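Residue numbers (the working numbering): 67 to 409.
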């Protein structure tokens with residue numbers, strides 16, 4: 067490239083990150099040959115690298131790409147193909163929170179991982195995602211291109227919280243309708259959001275203010291989670307968390323309920339012949355200083371915060387068990403084995 071010998075560039079040997087970053091130069095200076103290379107990739111004649119890219123990095127510039135999204139489309143297909151070969155994430159489903167407060171990198175990660183899980187999952191879950199909503203729906207992802215699919219997920223309905231009993235109801239209904247066996251039942255339900263689990267599930271509220279309605283911050287509502295927001299009472303400065311003219315209570319009061327919900331979910335699954343209930347992996351994609359769900363919480367594992375390393379771990383393992391497992395995995399590397407504790 068520095069010698070401007072564009073016609074001599076071996077595109078099939080260009081690393082994935084370089085391909086993503088320099089594709090505009092390839093189109094500008096060697097467009098005919100570069101487009102022929104992309105056609106060959108689409109036909110399976112040659113390969114395109116994707117191994118060093120994370121899902122959200124691939125979809126990041128779909129709209130503004132100088133090549134019309136061709137490189138992203140092919141790198142995404144390569145990533146899905148590589149992961150499908152090793153059988154990761156083939157028995158999972160995603161619940162995607164695409165509310166306004168998810169703007170920025172959390173939204174990109176949510177959309178990308180939600181779509182990735184849907185494409186890796188086996189029937190009857192393939193191509194499906196669940197909305198983050200008080201009345202969640204099991205949606206079939208629509209669209210032919212990668213851009214169309216990601217836009218479909220971005221535009222799904224969303225709410226200020228989600229009813230996890232109804233999430234499991236939708237899963238159970240789909241399993242029964244499709245005659246799914248015990249082995250075909252979803253094993254993990256990944257929830258991608260920017261909320262704490264107790265807030266998102268409606269089992270936690272702040273003083274007298276629930277989280278039933280959320281715009282670009284945490285909205286407010288009654289304890290039932292119904293939307294009672296009002297433009298006259300909404301205070302932007304308060305972060306959408308309380309009504310003007312009323313004082314905010316300092317004490318956060320947990321609302322017991324998940325254990326009861328989980329027992330009801332187990333009973334419903336057993337009645338339909340399923341002995342195992344899918345586990346929820348609730349991933350708060352924003353940094354959080356709040357206390358997460360306890361390690362002993364039935365049926366729930368919680369991950370809080372976002373980093374590239376965390377996404378890489380998710381991709382490599384095909385799952386994230388719990389925060390302790392993440393910690394152990396993070397310090398298992400060869401680099402850390404060389405350290406010596408001096409006390």
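We put the beta carbon where it would ideally sit given N, CA and C, even for glycine. If you're wondering where the values come from, they're calculated on a predicted model, not measured in any experiment.
*Under 8 Å, do residue 254 and residue 345 count as touching if we go by C-beta distance?*
yes
*When the Cα atoms are used, what is the spatial distance from residue 249 to residue 343?*
12 Å
*If you count every other CB in all the chains shown that lies within 10 Å of the CB of residue 380, and 16 or more means buried, which is it?*
With 16 or more other Cβ atoms inside 10 Å of its own Cβ, residue 380 counts as buried.
*Tell whether a beta-carbon distance below 8 Å holds between residue 240 and residue 181.*
No. Outside cutoff.
_Where the beta strand (DSSP E) containing residue 367 begins and where it ends_ = 366-370
*Is it buried or exposed for residue 67, if we count other Cβ within 10 angstroms and need 16 for buried?*
exposed
_For residue 196, the residue or residues it bridges with in DSSP_ = 161, 204
*In angstroms with no decimal places, state the Cα-to-Cα distance between residue 201 and residue 371.*
26 Å
*Which stretch, first to last residue, makes up the beta strand (DSSP E) that contains residue 254?*
For residue 254, the enclosing beta strand (DSSP E) begins and ends at 254-259.
*Provide the residue(s) that pair with residue 347 in DSSP beta bridges, ordered along the chain.*
256, 367
*Return the CA-CA distance between residue 83 and residue 99, expressed in angstroms with no decimal places.*
One C-alpha to the other measures close to 20 Å.
*If you follow the alpha helix (DSSP H) that residue 116 is part of, which residue opens it and which one closes it?*
Secondary structure note for residue 116: it is in no alpha helix (DSSP H), with a DSSP letter that is neither H nor E.
*Who are the Cβ neighbours of residue 408 in its own chain at under 7 Å, not counting the five residues just before and after it?*
none
*Whose C-alpha, out of 115, 179, 95, is nearest the C-alpha of residue 374?*
179
*Given that a residue counts as buried once 16 or more other Cβ atoms are within 10 Å of its Cβ, and exposed if not, what is residue 169?*
exposed
_Local Cβ density within 10 Å of residue 152, reported as buried at 16 or more and exposed below that_ = exposed
*asked:* Please state whether the Cβ-Cβ distance between residue 216 and residue 114 is less than 8 Å.
replied: no
*asked:* Tell me the DSSP secondary structure of residue 221 in three-state form.
replied: Taken through DSSP and simplified to helix, strand or coil, residue 221 comes out as coil.
*Relative to the alpha-carbon of residue 176, which residue among 242, 92, 351 has its alpha-carbon at the smallest distance?*
Of 242, 92, 351, the residue nearest in Cα terms is 351.
*Kindly indicate which residue of 85, 133, 140 has the alpha-carbon position closest to the one of residue 106.*
Of the listed residues, the one whose Cα sits closest to residue 106 is 140.
*DSSP on residue 400, reduced to helix/strand/coil?*
helix
*Any idea if residue 76 is buried or exposed, counting beta-carbon neighbours within 10 angstroms, 16 or more meaning buried?*
exposed
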